[in-house]
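Here the sequence shown is numbered in the working numbering, starting from 574 and rising by one per residue. Cβ coordinates follow ideal geometry from the N, Cα and C atoms, glycine included. Worksheet: the structure to be examined is printed underneath.
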Amino acid sequence: MAEPPAGSAGAEGVPSRAPLAHAGARDPPAAPREGEVKACVLDTHAFVWYVQGRRVGRSAGRMLREVDRGRCRAWIPAIVPVEIVLLRERGRSAIGIPELEATLERNSELQLLPLDLAQAREFALLPGVHDPFDRMIMAAARAVGCPLLSADTGMQESGLLQVVWD
């Protein structure tokens, strides 16, 4: 028997839960065809450097230009704004939530990726990744089937997902 639509009554008349996504969030993309990149996921530093206009890796820069041209979606995992707040509190980042919000308003291809069960499942499959922020970001990229833009060599060398930078 198929599951009832979110918000409708289930078999016992109990309403099912609505998906855990904020209003206005777009559905994660379908996996791209071979050789085609329709979407990517941004690591925290990749997003911060993008906002600051700092130089990024050659391949990452190419993808971010596609985002700016409206040809590629860039997903920002839900944990990234949290990490940005913590970095700013420690004096390690000049940007905060206002800059993040302004950037999202300027470019509709930059979208927050709400935390969902698919990401939690992927998170559970990455017990060897000890940094919880890295683990959540990697889980997000794996859950949506998109490459991750990151200069983090640990992520690049992990073999756990496709990482784009240089």
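Contacts around residue i, its chain only, beta-carbon distance under 7 angstroms, and the 5 residues preceding and following it disregarded
{"i": "GLU695", "result": "ALA712, ARG715 and ALA716"}
{"i": "VAL702", "result": "ARG708 and MET711"}
{"i": "GLY630", "result": "ALA724, TRP738 and ASP739"}
{"i": "ALA596", "result": "The predicted position of ALA596 is uncertain, since its pLDDT is 36 and thus under 50; a value taken from the coordinates is nonetheless stated next. Around ALA596: no qualifying Cβ."}
{"i": "GLY732", "result": "none"}
{"i": "LEU699", "result": "ARG708, MET711, ALA712 and LEU733"}
Identity of the residues DSSP links to residue i by a beta bridge
{"i": "PRO650", "result": "LEU686"}
{"i": "VAL737", "result": "LEU722"}
Limits of the unbroken beta strand (DSSP E) element including residue i
{"i": "ALA612", "result": "612-615"}
Proximity to residue i [Cα-Cα], best of the options
{"i": "TRP648", "options": "ALA675, ARG635 and GLU682", "result": "GLU682"}
{"i": "VAL653", "options": "ALA633, VAL621 and LYS611", "result": "VAL621"}
{"i": "PRO650", "options": "PHE706, GLN735, GLU730 and LEU734", "result": "PHE706"}
{"i": "VAL655", "options": "PRO720, THR726, LEU686 and MET728", "result": "LEU686"}
{"i": "GLY718", "options": "GLY727, GLN735 and GLU730", "result": "GLN735"}
{"i": "ILE670", "options": "THR617, GLU639 and ALA693", "result": "THR617"}
{"i": "ARG642", "options": "ARG663, LEU615, ASN680 and ARG627", "result": "ASN680"}
Span of the alpha helix (DSSP H), counted from its first residue to its last, around residue i
{"i": "SER632", "result": "631-641"}
{"i": "LEU733", "result": "Taken as a continuous stretch (DSSP letters only), LEU733 belongs to no alpha helix (DSSP H), as it is neither H nor E."}
{"i": "ILE710", "result": "705-717"}
Where residue i falls: helix, strand or coil (DSSP)
{"i": "LEU565", "result": "It is not possible to answer for residue 565, since the shown part of the chain is limited to 574 through 739."}
{"i": "LEU660", "result": "helix"}
{"i": "ARG679", "result": "helix"}
{"i": "GLN692", "result": "helix"}
{"i": "ALA667", "result": "coil"}
{"i": "PRO601", "result": "Note that PRO601 has pLDDT 48, beneath the 50 cutoff, so the model's placement of it is unreliable and the number below is only indicative. Coil."}
Close beta carbons around residue i, own chain, < 8 angstroms, minus the five adjacent residues each side
{"i": "ASP624", "result": "According to the sequence provided, residue 624 is Val. The question's Asp does not apply to it. For VAL624, where only same-chain residues beyond five positions count, the Cβ hits under 8 angstroms are ILE668, GLU672, LEU673 and THR676."}
{"i": "GLN729", "result": "SER723, VAL736 and TRP738"}
{"i": "ILE657", "result": "THR617, PHE620, VAL621, SER666, ILE668, GLY669, ILE670 and LEU673"}
{"i": "ARG661", "result": "ALA667, ILE668 and GLY669"}
Cβ neighbours of residue i in the same chain (closer than 6 angstroms, five flanking residues each side left out)
{"i": "ALA633", "result": "LEU722, VAL737 and TRP738"}
{"i": "CYS613", "result": "MET636, ALA647, CYS719, PRO720 and LEU722"}
{"i": "VAL640", "result": "ALA647 and GLU682"}
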